[in-house]
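In this text, residue positions in the sequence shown follow the numbering used here: the first is 26, and each later residue adds one.
Glycine included, C-beta positions come from ideal geometry on N, C-alpha and C.
Everything below concerns the one structure shown next.
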Amino acid sequence: MTCLAAFWPVGWGVAVGQGQSWVAEAAVDCVNPLSGANGDAEFSRGNTLVAITAPFGMNTWAPQTDGDASPFYQVKHKRFEGMRLTHQPSIWVRDYGDLLVMPVTGVPQESVKQRGSGFRHEREVARPYYYSVDLDRYAARFEVVPTTRCALMRITHPVGAEASIVFTLEGEVETEWDSENRRIRGKATHVTFGAPGGFGNYFVAEFDRPFSSVEVSVADRTKTIVVRFSAEAEANSTSLRIGASFIGYEQAMLNQR
């Protein structure tokens, strides 16, 4: 199948020019999630949110380059802050039940912006069903595959690196972990509009190898959960499955599986 890019480059916000074409194996490969993501206050160029999601997905997974910007991913940005579980339908409606996942190596910095990494669009792949980016600062590759209510993630890092995965959430956040089963769980309650009492996005994350510690810190209304892994001579990747539910932890666990 041949896909024709009949848009101006500024509309795409990427290196696909007017009249260019490429061969896709399936129709879904003609979709560019970064299209329209090169906007600013002066000229929107689409004002789209980058969505890596399954059809009718409960969650959208979106790369975040600046959590303080609207939209929070813009092609002109040079730093990557993490992969965001989002329910934001447009830039004019705020997010709710969201969380941010960011892999790091070495000692994690305190804030989202301090933990950010430089990246290059030439080493970024965005498809509706897959996203990957090379994080220059950490010499790591971050890959995400979404399902309807879950996501599979893999971080490839240098052999023997002290790897950590950092979760960032706002609001009153519950947090528990189970070292024996390599699992953490939490309840994200962030919301910017009226919601029923007890609202929350329950999530369960399960890792493919044991973690050495879990560190939790709170600053203002932001909770940071750092899941640390010991340096191992043979380990060069860390994977996790994360399921979510608006019902409860048990349903999130089922969704994860």
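From the DSSP output, which residues share a beta bridge with residue i?
i    : result
W86  : I77 and L110
K248 : L194 and V243
F144 : In the DSSP output, where bridge partners are listed per residue, F144 has none listed.
K101 : Beta-bridge pairing links K101 to no other residue.
Under 8 Å between the Cβ atoms of residue i and residue j?
i    : j    : result
R119 : S142 : no
M178 : I267 : yes
A249 : I190 : Residue identity check: residue 249 is Thr in the sequence provided, not Ala. Not a contact, by the Cβ cut-off of 8 Å.
A79  : A186 : no
M108 : P133 : no
T214 : F224 : yes
N84  : L110 : yes
Measure how close the beta-carbons of residue i and residue j come, nearest whole angstrom, since I'm counting them as under 8 Å.
i    : j    : result
F192 : L124 : 6 Å
L160 : F105 : 6 Å
L74  : Q113 : 6 Å
V216 : G122 : 7 Å
P235 : S204 : 7 Å
C175 : N280 : 5 Å
Y154 : V53  : 7 Å
F287 : A188 : As displayed, the chain neither begins before 26 nor continues past 282, which places residue 287 out of reach and without an answer.
N206 : F271 : Incorrect: roughly 23 Å between the Cβ atoms, too far for contact.
When the Cα atoms are used, what is the spatial distance from residue i to residue j?
i    : j    : result
A260 : S69  : 44 Å
D233 : E195 : 26 Å
E197 : V137 : 18 Å
T130 : D245 : 25 Å
R152 : S242 : 34 Å
A269 : E168 : 18 Å
R282 : E231 : 10 Å
N72  : N57  : 14 Å
R208 : T172 : 19 Å
K212 : D65  : 33 Å
R140 : V251 : 12 Å
M278 : A94  : 32 Å
S157 : A51  : 19 Å
V39  : T247 : Interpretation of V39 is limited by its pLDDT of 46, a score under 50 that renders its predicted location unreliable; the figure taken from the coordinates is listed afterwards. So the alpha carbons of these two residues sit roughly 33 Å apart.
E67  : T181 : 38 Å
P21  : K103 : Any question about residue 21 goes unanswered here, given that the chain covers just 26 to 282.
T86  : A76  : According to the sequence provided, residue 86 is Trp. The question's Thr does not apply to it. Looking at the two C-alpha atoms, the distance is approximately 6 Å.
V170 : E135 : 27 Å
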